[in-house]
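Structure record follows, encoded as structure tokens.
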Amino acid sequence: MRSFFILLTTVFIGQMAFAQQAEDSVKTVINTMFAAMRNGDAASFKSVFADKVIMQTISRNKEGKTIVRDEDINEFAEVVGKMKKDSADERISFETIKIDGPLAIVWTPYNFYLNGAFSHCGVNSFQLVKLDGAWKIQYLIDTRRRAGCQP
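So for the sequence shown, my numbering puts the first residue at 399; every next one is plus one.
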């Protein structure tokens, strides 16, 4: 009986360590993306995305109606590459991370600063897929607002 509990404890600890390692790997991908934005590094920015990534943003139009706008990864990366170092600073917190095999979801509230001044806040929702042993961002959708922010 004692051996059974030792085995069970060992398996449980191993599973916890594996789950933490997967979470850390997912966080690294997302942190790499934001570091690339801060550094104006288009190549590093694009490197964390899957080939057929979908990027969208949720906002309101002039009439106040909620709209979903598609973003092109190549155009976005081009903008990133033209930014001066430290001009774009998106400060995130990892609120939720869920992983099931090769699929991860990540929820990150953020505050965005442009040239050192607060610009807006919102939430990013990431879907990552483990492809060929590496986590890649497959889907990214975010909200952007100025009201209700706590910079």
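Here a beta-carbon is modelled for each residue, glycine too, at the ideal position from N, C-alpha and C.
Is there contact between the stretch 490 to 509 and the stretch 461 to 472, where contact requires at least three CB pairs shorter than 8 Å?
With contact defined as three or more Cβ pairs closer than 8 Å, the stretch 490 to 509 and the stretch 461 to 472 are not in contact.
With 16 as the cutoff for other CB atoms within 10 Å, does V478 come out buried or exposed?
Burial call: buried.
Which partner residues of E488 appear in the DSSP bridge assignment?
According to DSSP, E488 bridges with F510.
6 Å CB neighbourhood of V521 in its chain, flanking five on each side removed:
Taken in chain order, the residues that qualify are P507, T541.
Neighbourhood of L406 by C-beta distance below 6 Å, restricted to the same chain and skipping five residues each side:
Because the pLDDT of L406 is 46, which lies under 50, any placement of that residue in the model is unreliable, and the number read from its coordinates should be weighed accordingly. Excluding positions up to five away in sequence, the list is empty.
Is it buried or exposed, I490, if we count other Cβ atoms within 10 angstroms and call 16 or more buried?
By the neighbour-count rule (16 or more Cβ atoms within 10 Å), I490 is buried.
Output the distance between the C-alpha atoms of F510 and Q548, rounded to the nearest integer angstrom.
Straight-line Cα distance between these residues: approximately 11 Å.
Identity of the residues DSSP links to D498 by a beta bridge:
According to DSSP, which records beta bridges pairwise, D498 is partnered with L501.
Using only the alpha-carbon positions, how far apart do A440 and V504 sit?
In this model, A440 and V504 are separated by some 22 Å (Cα to Cα).
Given that a residue counts as buried once 16 or more other Cβ atoms are within 10 Å of its Cβ, and exposed if not, what is I535?
Its Cβ being crowded by 16 or more others within 10 Å, I535 is buried.
Endpoints, the alpha helix (DSSP H) within which K480 is located
Boundaries of the alpha helix (DSSP H) around K480: 471 to 480.
Selected residue, minimal CA-CA separation from P500, among S523, V527, M481:
For P500, the nearest C-alpha among the options comes from V527.
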